[in-house]
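Right, one structure below, let's go through it.
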Amino acid sequence: MAKKKSVTRARATGKSAKADAAAVDAVRGDVELRLELLHSMLLQRRFEEKSAEAYALGKIGGFCHLYIGQEAVSTGTISLLRPDDYVITTYRDHGHALARGMSPRGIMAELFGRADGVAGGKGGSMHLFDRNLNFLGGHGIVGAHVPIATGVGFAIKYRGGDQVCLCFMGESVVNTGAFHEALNMASLWHLPVIYVIENNRYGMGTALERASSIHDIYERAASYDMARAMVDGQDVFAVREAFSEALTRARTEQLPTLLEIRTYRFMGHSMSDAVSGTYRTKAELDEHVKRDPIVLLRAMMQEAGEIDDAAMAKMDEEIKAVVQDSWDFADQSPEPPLEALYEDVLVDTTSDAREEATV
Amino acid sequence: MAKKKSVTRARATGKSAKADAAAVDAVRGDVELRLELLHSMLLQRRFEEKSAEAYALGKIGGFCHLYIGQEAVSTGTISLLRPDDYVITTYRDHGHALARGMSPRGIMAELFGRADGVAGGKGGSMHLFDRNLNFLGGHGIVGAHVPIATGVGFAIKYRGGDQVCLCFMGESVVNTGAFHEALNMASLWHLPVIYVIENNRYGMGTALERASSIHDIYERAASYDMARAMVDGQDVFAVREAFSEALTRARTEQLPTLLEIRTYRFMGHSMSDAVSGTYRTKAELDEHVKRDPIVLLRAMMQEAGEIDDAAMAKMDEEIKAVVQDSWDFADQSPEPPLEALYEDVLVDTTSDAREEATV
Amino acid sequence: MAIITYRDALNQALREEMERDDRVFLMGEEVAVYQGAYKVSKGLLQEFGEMRVVDTPIAELGFAGVGVGAAMVGLRPIIEFMTWNFAVLAFDQILNSASKMLYMSGGQYNMPIVFRGPSGAALQLAAQHSQAFESWLMHIPGIKVVTPATPYDAKGLLKSSIRDDNPVCFLEGEMLYNTKGEVPEEEYVIPLGKAELKREGDHCSIITNGKMALVAMNVADTLAKEGIRCDVVDLRTVRPMDVEAITTSVRKTNRAVVLEEGWKMAGIGAQIVDFIQRDCFDHLDAPVVRVHQADVPMPYAKNLERAAKPDAAKTIAAVKKVMYLDGGEK
Amino acid sequence: MAIITYRDALNQALREEMERDDRVFLMGEEVAVYQGAYKVSKGLLQEFGEMRVVDTPIAELGFAGVGVGAAMVGLRPIIEFMTWNFAVLAFDQILNSASKMLYMSGGQYNMPIVFRGPSGAALQLAAQHSQAFESWLMHIPGIKVVTPATPYDAKGLLKSSIRDDNPVCFLEGEMLYNTKGEVPEEEYVIPLGKAELKREGDHCSIITNGKMALVAMNVADTLAKEGIRCDVVDLRTVRPMDVEAITTSVRKTNRAVVLEEGWKMAGIGAQIVDFIQRDCFDHLDAPVVRVHQADVPMPYAKNLERAAKPDAAKTIAAVKKVMYLDGGEK
Ligand SMILES: Cc1ncc(C[n+]2csc(CCOP(=O)(O)OP(=O)(O)O)c2C)c(N)n1
Ligand SMILES: Cc1ncc(C[n+]2csc(CCOP(=O)(O)OP(=O)(O)O)c2C)c(N)n1
Ligand SMILES: [Mg+2]
Ligand SMILES: [Mg+2]
């Protein structure tokens with residue numbers, strides 16, 4: 002591996018490094034883009050509201066973890082990526098998949114466990130994958146996908162590419178051994194990975210303070226001499242700004258970044274978890290719901306005269322139609338054929354038989 | 002678990018906290034003690050020189066990792082412990098066992114794989130245990146004993162005792178997930194564990210700089226809001242001073258500490274590893290051997306007129322006799338009986354049948 | 256006798272043993288404030304306080320090691336894995352620390368520790384959350400492995416496991432928590448290592464464990480109506496295994512079906528077959544037939560999952576096959 | 256044909272495959288500067304540079320995951336575990352990531368990755384460093400498991416494993432690195448999943464794999480002098496298992512001994528027994544006998560270790576036992 006030279010300079014914390022800030026600020030004038038961001042977030046919201054409905058009807062089974070409240074994180078980050086960049090995430094993956102452009106039909110069919118699902122019904126809610134989008138999956142073992150992201154970064158560097166790998170995780174992940182091992186290697190080897198902690202304050206019922214010995218968890222990056230920043234996750238522009246800096250660092254210097262993006266989950270941990278009561282109060286929840294990222298963006302755009310009630314209603318209608326269409330599509334999609342049970346266990350090719358994969 | 006109050010105050014780095022320094026300084030006037038420290042270190046040295054001889058003759062088998070060059074760490078720390086404190090370490094455990102007072106006969110017989118070994122010949126070099134000394138073993142999986150030490154600290158707190166657990170590890174351990182998970186919990190729960198990194202600069206053939214993204218590895222403690230210090234491991238008094246501070250912190254405040262003690266291994270990683278050539282130069286080795294901890298202590302005492310050549314020779318003779326006696330004892334000890342193969346797999350008692358264990 | 260759930264039976268066992276012995280404590284993710292991911296530890300935090308019912312970070316390797324350390328110095332930890340799927344991260348501590356400590360130390364350090372949590376597939380949890388771990392765990396000398404099927408067994412076996420001075424891996428059925436059964440009001444324990452004959456019959460033996468014991472009992476009841484009488488040997492503890500119970504049954508029936516929850520290759524069923532062919536060679540009228548999960552990762556889709564899992568229909572077909580009856584598996 | 260060591264055969268395979276395909280790289284502890292803890296990767300750093308021969312920190316879980324990530328996006332990682340004993344820390348990545356990725360993604364992401372390193376007991380390395388892992392690994396669908404016994408097999412199978420588009424766990428014998436054998440100068444590969452009949456005889460089949468194949472060949476040679484003729488079926492790949500090779504042999508000899516390196520309970524030998532009793536039920540003249548490690552953690556002392564390990568004497572006794580001859584194991 003390329004030895005580490007002096008990188009202290011390049012490793013200022015996210016707070017001070019202002020790499021692409023100007024470029025990002027320019028964006029603030031771009032109504033088109035703002036509408037796109039709003040659309041992306043609203044699509045996630047409506048899609049998941051519909052998923053909750055389908056779950057209640059038993060059309061979706063197993064575990065189902067909603068992302069509602071956190072949409073500014075997926076949209077703010079992924080909207081800055083190139084198609085050839087990589088995204089990897091946890092079981093709470095619907096929002097990321099939609100933000101990345103995965104087909105609502107394919108996702109809903111997957112949640113319904115149908116043949117037309119993105120994974121043919123084999124993965125379900127927690128395991129959305131789409132090779133065409135370089136969407137490397139939802140993963141179910143907390144922490145396990147973090148070293149996988151490091152490996153993707155390694156592959157990018159190995160090929161000499163300038164892509165990046167964006168890795169989402171919940172804040173609980175910072176206490177796992179996998180996180181520690183993965184971040185150490187990413188920094189040691191200078192890999193273009195952006196680790197995004199979606200700090201929604203709880204890992205299931207455990208508040209961050211009851212699990213981590215430090216509370217500003219982005220500071221864990223200091224242990225790896227890694228650039229870092231803490232970001233308001235309800236403000237999609239704040240997310241974009243911080244992410245844009247990390248992106249420049251990854252693309253141009255092949256250096257990793259740890260972003261702690263503070264957000265909040267408006268629903269229970271999964272469908273079986275009460276929204277509030279056991280480990281967080283209704284009052285706390287209400288307080289946070291006031292900073293709904295979609296409401297914030299809409300209000301700002303409305304104030305700036307960029308969208309009015311009618312336009313908003315129209316966007317919402319269109320999105321709802323898309324979501325309803327995904328439901329109808331999923332509902333009509335057949336169950337996977339029984340032969341599929343024994344397929345996809347192994348491939349029967351060797352390196353000779355497959356064309357060169359592109360990184 | 003008791004919640005964490007504000008501990009920032011109590012968590013100054015080891016460098017500034019001067020808790021027991023006065024008490025330790027007083028020690029510098031104590032010739033008796035100095036002779037004991039010298040004796041402890043020399044016993045480890047001579048014992049291991051003899052082990053190397055036995056290994057060459059095939060009397061010792063398997064892996065055998067010598068501690069030569071690092072004796073000031075074991076002696077400097079363990080000499081401050083109470084009998085009811087706990088010690089746990091890695092496969093490189095001969096020095097710690099001797100410093101803790103484990104019988105040279107019992108250890109040598111264990112290395113020879115004989116019935117009178119401390120573990121009846123079942124453990125060997127890497128797995129020295131002595132329940133009477135609260136010596137919780139040498140462990141062979143890098144990193145695995147670090148959470149075990151955290152668990153011992155937990156048990157101490159659970160019982161309301163004021164003991165501490167001293168956990169030795171090599172510097173490679175700081176890159177393992179086990180280390181990260183264990184230190185986070187120790188700090189989160191305020192446990193009286195002192196984690197001592199013996200930074201001998203190499204993990205097998207890998208220099209620290211090629212494995213860790215930061216080089217002042219005691220700074221990893223910041224990720225856990227844990228007290229920390231870096232210490233010269235060739236100066237037994239420097240070790241005692243830093244350890245004494247950590248000890249006070251553990252005993253009186255039940256707070257953990259991470260000490261990075263910089264030392265050097267004068268031999269190869271294990272008996273099959275060349276002393277120098279592959280991953281470190283002869284020149285580097287020679288440079289470090291100049292700071293042999295035994296030579297340094299002896300020189301200092303000689304200068305102070307506390308020991309002369311004759312006294313030194315006498316001590317050495319006595320120690321050599323003890324070591325030779327351990328060899329003779331081990332040599333005459335029988336092989337374990339074959340029935341032993343199936344013993345110690347399970348005990349056949351239950352909680353009803355055993356008297357209360359003491360923590 | 257009261258009729259209670261498997262969950263409550265486990266909860267009672269935990270409570271009673273924690274009351275009985277203050278060295279016993281419970282540690283794991285969500286066991287305290289959240290009252291357990293599956294509510295097995297409900298009320299225990301309130302009763303025993305935060306030193307004895309301890310929420311951990313997500314750090315399976317770490318907190319399993321914490322348990323090992325605490326057990327070495329005299330406490331009696333119960334380490335809950337939210338599910339055994341996540342315990343794989345901690346298998347180093349089970350395999351290399353807990354199971355070997357007594358042996359490596361020449362008998363000095365025994366390990367009174369219980370590792371417990373749900374194992375096996377629930378409903379549509381897909382590949383990473385649907386695994387049965389008895390086959391791996393029973394491979395390891397130096398531990399015991401327990402897989403209770405009923406509330407009665409769950410309580411009696413958990414109490415014995417907690418009192419045992421050895422490491423015990425206790426695998427609860429994720430699908431069993433809501434099942435109900437009779438549990439005595441008065442205290443009882445069930446010895447580890449003893450199987451139970453849960454149905455009696457002389458035509459065929461069904462050897463099984465854990466959640467599958469319920470399937471086997473159903474099958475026996477169904478087949479009884481067709482005049483086919485099955486022994487159901489529920490191993491309960493799979494290590495040490497009650498080989499005598501197996502061979503006694505097979506010597507009587509001369510035919511055996513082995514029903515296991517997990518995968519086939521080097522699974523528990525293979526080991527049972529080995530014991531049978533070794534000790535009942537001359538008594539067997541047909542090869543032993545195994546029923547197990549399809550040899551694939553667990554799929555999410557409902558129909559595929561159903562097809563992947565061992566069930567009553569497959570077991571009935573297997574029984575008919577070993578009896579050379581029509582309708583038997585081909 | 257050249258006579259070379261098992262170590263050199265592996266080294267050749269690595270070099271040739273790295274030359275052939277620049278997506279192949281080697282990663283692990285001490286593989287580069289140190290030239291491999293067992294020198295298997297000798298010279299590769301010098302030849303291929305530090306991007307393709309990569310030293311890692313001690314972080315088995317982490318670097319196994321790095322391999323998984325690299326394999327997902329088109330590289331072909333070879334992940335070396337210094338020994339498989341330490342790989343337990345990484346089993347989550349093998350079990351939950353590598354083996355399931357293709358299935359969970361509905362066929363989108365295959366995993367061309369090799370996990371390799373020494374497995375099994377060497378000499379007096381005691382409990383934590385002396386374990387054979389094929390029984391655990393072969394339990395997992397979605398991977399292949401390979402255990403070569405000879406230099407010829409080691410080279411040919413490693414080349415096939417590297418070219419395979421699936422995850423392969425490749426278990427080398429820690430005691431075999433210095434053993435020698437014939438290896439052709441010209442290129443060859445050995446297909447995965449095919450056993451080899453390493454000795455031929457019609458009295459008894461010895462089914463085995465890995466290091467134990469050498470013991471079995473010795474036993475066959477020794478017994479041949481007494482007029483006892485044994486088939487030695489070396490499975491080579493234990494998943495997928497060449498069941499036909501096993502049953503063909505047993506149908507011929509009517510007697511079988513299964514020789515395995517590791518522990519008994521739910522071990523590979525149990526699975527082989529299961530295949531035999533299922534497919535050769537009417538052909539068996541005696542119960543299959545298994546020879547395996549004593550069901551205890553590995554002791555350090557030389558005499559105890561010897562007693563714990565499966566060996567030629569125990570195998571001979573087993574063969575005599577299945578043949579109902581004097582001198583057979585009781
Ligand atoms: C290794 C492991 N342990 C436990 C679990 C069970 N589990 C699933 S999600 C979760 C909480 C994760 O919280 P966080 O990382 O904050 O993500 P969030 O759910 O808030 O998005 C837990 C404990 C798991 N999936 N994997
Ligand atoms: C998990 C694990 N990985 C690899 C090994 C092999 N190994 C034994 S010692 C060692 C180096 C450890 O170095 P360090 O922690 O610095 O301790 P030192 O040997 O220098 O005392 C390695 C890689 C192991 N025992 N455990
Ligand atoms: Mg969270
Ligand atoms: Mg070192």
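Chains as they are written, first to last, in the numbering used here: chain A, 2 to 360; chain B, 2 to 360; chain C, 256 to 585; chain D, 256 to 585. Where a beta carbon is used, it is the ideal one built from N, C-alpha and C, also for glycine. It should be emphasised that the depicted structure is a prediction, and the values quoted were computed from it without experimental measurement.
query: For B:His66, does the three-state DSSP call read helix, strand or coil?
result: DSSP places B:His66 in coil when its eight states are reduced to three.
field: Interface residues of the segment 371–396 of chain C facing chain B [CB-CB below 9 angstroms]
entry: The segment 371–396 of chain C vs chain B, Cβ under 9 angstroms: Pro396.
task: Taking A:Ala312 as the reference, give the member of A:Met268, A:Arg299 and A:Lys60 with the closest Cα.
output: Ranking A:Met268, A:Arg299 and A:Lys60 by Cα distance to A:Ala312 puts A:Arg299 first.
task: Name all residues in chain order for which at least one heavy atom of ligand 4 lies closer than 6 angstroms to the residue's CB.
output: Counting every residue whose Cβ lies closer than 6 angstroms to a heavy atom of ligand 4, we get B:Gly171, B:Glu172, B:Ser173, B:Asn201, B:Tyr203 and B:Gly204.
query: Under a three-way DSSP split, which group does D:Gly482 fall into?
result: If DSSP states are grouped into helix, strand and coil, D:Gly482 belongs with coil.
task: Apply the 10 Å Cβ neighbour rule to D:Ile258 and answer buried if 16 or more other Cβ atoms are within range, or exposed otherwise.
output: Counting the other CB atoms within 10 Å of its CB gives D:Ile258 a total below 16, which places it among the exposed residues.
query: Can you find a CB in chain B that lies within less than 7 angstroms of the CB of A:Ser327?
result: No, no contact with chain B.
- prompt: With a cut-off of 7 angstroms, does the C-beta of D:Leu490 fall near any C-beta of chain A?
  reply: No, D:Leu490 lies away from the interface with chain A (no Cβ there is under 7 angstroms from its Cβ).
task: Please report how far the alpha carbon of A:Tyr159 lies from the alpha carbon of D:Met306, in whole angstroms.
output: Spanning the two alpha carbons is a distance of roughly 7 angstroms.
message: Using beta carbons (cut-off 7 angstroms, strictly below), is B:Asp353 in contact with chain A?
response: Taking Cβ atoms only, chain A never reaches closer than 7 angstroms to B:Asp353, which makes this a no.
query: So which of A:Thr264, A:Glu111, A:Asp163 and A:Gly144 has the shortest CA-CA distance to A:Leu82?
result: Ranking A:Thr264, A:Glu111, A:Asp163 and A:Gly144 by CA distance to the CA of A:Leu82 puts A:Asp163 first.
- request: Using only alpha-carbon positions, find the residue among C:Pro396, C:Tyr432 and C:Leu426 that is nearest to C:Pro406.
  value: Comparing Cα-Cα distances from C:Pro406 to each of C:Pro396, C:Tyr432 and C:Leu426, the minimum goes to C:Tyr432.
task: Let me know if B:Thr9 comes out buried or exposed under the rule of 16 or more other beta-carbons within 10 Å of its beta-carbon.
output: Residue confidence for B:Thr9 is low, a pLDDT of 32 falling below 50, so the modelled location carries little weight; the figure read from the coordinates is stated next. Flag for B:Thr9 reads exposed.
Inter-stretch contact at 8 angstroms, needing at least 3 Cβ pairs: the segment 133–147 of chain B / the segment 371–385 of chain D: Short answer: they touch.
- prompt: Grouping DSSP H, G and I as helix and E and B as strand, with all else coil, what is A:Ala230?
  reply: The answer is strand: DSSP assigns A:Ala230 an E or B state.
- request: With 7 angstroms as the threshold, decide whether the Cβ of B:Glu254 is near any Cβ in chain A.
  value: By this cut-off, B:Glu254 is not an interface position.
- prompt: Which residues of chain D have a Cβ atom closer than 7 angstroms to the Cβ of B:Val165, listed in chain order?
  reply: Those do not exist, as B:Val165 stays about 26 angstroms from chain D at its closest Cβ, beyond 7 angstroms.
- request: Would you mind reading off the limits of the beta strand (DSSP E) that contains B:Arg263?
  value: That run of the beta strand (DSSP E) goes Thr258 to Arg263.
message: I want to see whether chain A comes within less than 7 angstroms of B:Val143, judged by CB atoms only; does it?
response: Answer no: the Cβ-Cβ gap between B:Val143 and chain A never drops below 7 angstroms.
- prompt: Beta-carbon separation of D:Val308 and A:Ile149 under 7 angstroms?
  reply: Not closer than 7 angstroms, so no.
- request: Just mark C:Val577 as buried or exposed, buried being the case when its beta carbon has 16 or more other beta carbons within 10 Å.
  value: Residue environment analysis places C:Val577 among the buried positions, since at least 16 neighbouring C-beta atoms fall within 10 angstroms of its C-beta.
field: Residues that C:Thr463 bridges to, as DSSP identifies them
entry: DSSP output for C:Thr463 lists C:Asp489 and C:Leu514 as bridge partner(s).
query: Where are the alpha helix (DSSP H) runs, 4 residues long or more, that stay fully inside the segment 394–457 of chain C, in chain order?
result: Counting only runs of 4 or more residues that sit fully inside the segment 394–457 of chain C, the alpha helix (DSSP H) segments are 406–418, in chain order.
query: From what residue to what residue does the beta strand (DSSP E) around D:Pro373 run?
result: In this chain, the beta strand (DSSP E) harbouring D:Pro373 covers Val369 to Ser374.
Where the segment 178–190 of chain B meets chain D: residues whose CB sits under 7 angstroms from a CB there: Listed by position, the residues of the segment 178–190 of chain B near chain D (Cβ gap below 7 angstroms) are Gly178.
- prompt: Residues in the segment 507–531 of chain C with C-beta within 7 angstroms of chain D's C-beta atoms, listed in sequence order?
  reply: Look at the segment 507–531 of chain C: the residues with a C-beta under 7 angstroms from a C-beta of chain D are Trp518, Met520, Ala521, Gly522, Ile523, Ala525, Gln526, Val528 and Asp529.
message: Let me check you understand the geometry: is the CB of D:Phe341 closer than 6 angstroms to at least one non-hydrogen atom of ligand 2?
response: Taking 6 angstroms as the cut-off, one finds at least one heavy atom of ligand 2 near enough to the beta carbon of D:Phe341.
D:Gly448 versus D:Glu441, D:Phe425 and D:Cys459, residue with shortest Cα-Cα distance: Considering only alpha carbons, the answer is D:Phe425.
- request: Establish whether the CB of A:Asp226 and some CB of chain F are separated by less than 7 angstroms.
  value: Of the protein chains in the structure, A, B, C and D, none is chain F.
- request: Anything in the segment 337–363 of chain C with a Cβ closer than 8 angstroms to a Cβ of chain D? List those residues in chain order, please.
  value: Look at the segment 337–363 of chain C: the residues with a C-beta under 8 angstroms from a C-beta of chain D are Asn340, Val343, Leu344, Phe346, Asp347, Leu350, Asn351, Ser354, Lys355, Tyr358 and Met359.
- prompt: Of the choices C:Met472, C:Met520 and C:Lys507, whose alpha-carbon is the least far from that of D:Arg494?
  reply: Measuring from the Cα of D:Arg494, the nearest candidate turns out to be C:Met520.
task: Could you tell me which chain D residues have their CB closer than 8 angstroms to the CB of C:Asp550, listed as they occur along the chain?
output: Taking the beta carbon of C:Asp550 as reference, the chain D residues within 8 angstroms of it are Pro396, listed in sequence order.
message: For B:Tyr87, list the residues DSSP reports as bridge partners.
response: Beta bridge pairing from DSSP links B:Tyr87 with B:Cys166.
message: Please determine whether the Cβ atom of D:Arg307 lies at a distance below 6 angstroms from any heavy atom of ligand 2.
response: No, Cβ of D:Arg307 sits at least 6 angstroms from all heavy atoms of ligand 2.
- prompt: Less than 7 angstroms separating the beta-carbons of A:Met127 and A:Ile295?
  reply: A:Ile295 is positioned such that its CB atom lies no closer than 7 angstroms to that of A:Met127.
message: Need the endpoints of the alpha helix (DSSP H) that B:Pro148 sits in, please.
response: Start and end: His146 to Arg160.
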